[in-house]
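Below you'll find the structure, written out as structure tokens, and then a few comments.
In the numbering used here, the protein residues as written are 6 to 263.
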């Protein structure tokens with residue numbers, strides 16, 4: 006009878022140890038899933054802003070390019086206008102020179118001389134302005150010529166980036182659905198106590214209910230772990246929480262430093 010009790014106690018102990026190990030293993034997997042879900046959601050949430058910033062930068066470049074083209078077109082229009090005015094002024098200048106030759110009195114002579122002088126000055130100013138506009142047109146045309154293929158290339162780059170983000174967003178959504186479908190049954194498989202602790206700590210610790218124990222330290226808060234406690238964590242026979250941050254501690258064998 007005593008032997009049976011001893012055997013029963015041993016079986017009960019082994020069952021509880023297996024359950025704890027199973028809970029801890031599931032908790033680690035569950036947190037890994039939650040961390041990835043959080044990262045994916047953050048990436049998804051940031052995408053609209055990144056897209057808007059990219060479009061805004063491109064729009065600013067387009068505006069600069071269009072302003073440059075407008076300057077070129079305005080300079081051309083202004084040059085045509087002044088050239089028309091110049092032709093009219095040259096015609097007036099020639100008329101007054103003819104009037105001077107035909108002057109029959111001092112008044113007509115003085116008027117013709119005065120108008121010849123005025124039109125000559127106007128012609129000189131217009132010719133100078135046309136030369137300036139020709140320089141501006143040449144410079145603007147050169148800049149537009151340089152910028153045109155650059156803008157076409159940037160449009161291709163922007164479209165490519167937007168397409169990549171759209172594909173990444175689609176992949177993230179698929180991955181998010183996959184992780185969520187794995188999370189539900191995993192959470193249900195936990196013992197009630199482990200599930201309750203996990204949900205409580207997740208809310209308290211911004212989604213990180215567990216912390217890795219590495220090199221005698223809690224990676225969640227960097228608090229030093231006593232050697233005996235660290236060894237207990239390595240054995241994983243019971244769920245142990247950090248004395249400082251309260252997170253459930255776990256040990257990854259591959260994280261040890263030789």
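Backbone N, C-alpha and C fix where the C-beta goes; we use that ideal spot for every residue, glycine too. All values reported here derive from a predicted model rather than from experimental measurement.
For residue 180, the enclosing alpha helix (DSSP H) begins and ends at 111-194. Annotated three-state conformation of residue 41 is helix, per DSSP. For residue 215, no alpha helix (DSSP H) run applies; the uninterrupted beta strand (DSSP E) run containing it begins and ends at 215-219, by DSSP. Note on geometry: alpha-carbon atoms of residue 86 and residue 168 lie some 47 Å from one another.
Residue 103 is not bridged by DSSP to any residue. Residue pairing for residue 229: DSSP places it in a beta bridge opposite 222. The C-alpha of residue 76 is placed about 7 Å away from the C-alpha of residue 145.
Counting only the Cα atoms, residue 35 lies some 14 Å from residue 208. Cβ-Cβ distances below 8 Å link residue 26 to 241 and 242 in the same chain, with the five nearest sequence neighbours on each side left out; the list follows chain order. A contact is defined here as three or more CB-CB pairs under 8 Å, and the region 28-45 meets this definition with respect to the region 176-191.
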